[in-house]
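Under numbering that gives the first Met the number 0, read the sequence shown as residues 0 to 55, first letter to last. To keep things clear, I will list the structure first and then write my remarks on it.
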Amino acid sequence: MNNPIVTHKGRQYTVRKLADGYHWRLSEVGSARNSFPMNRDQMILAGFGHIVEVKS
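And the structure:
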């Protein structure tokens, strides 16, 4: 599966959709331990609506 790379607060993160379909995990590129979850509303507010609205 190809995970997109996004920039958030000056850092690059890979984005993975979690099993529930409503949450995503952003993991910092080069430091996989630095990660955090975001829900759909947070993703849209952060400017990642194009990732949330992808039809799979």
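Beta carbons: idealized from backbone N, C-alpha and C, even for Gly.
Collapsed DSSP secondary structure at residue i in the structure displayed
i, result
"V28", "coil"
Beta-carbon proximity list for residue i, same chain, < 8 Å, skipping 5 on both sides
i, result
"I50", "P3, V5, V14, W23 and M42"
"A45", "H7 and M37"
"G48", "M42"
"A31", "none"
Contact set for residue i: own chain, Cβ-Cβ below 7 Å, skip 5 residues either direction
i, result
"S34", "R24, L25, S26 and E27"
Environment of residue i [buried if 16+ CB atoms lie within 10 Å]
i, result
"Y21", "exposed"
Which listed residue (the options) has its alpha carbon closest to that of residue i
i, options, result
"D19", "E52, R39 and G48", "R39"
"N1", "A31, K16, F47 and G48", "K16"
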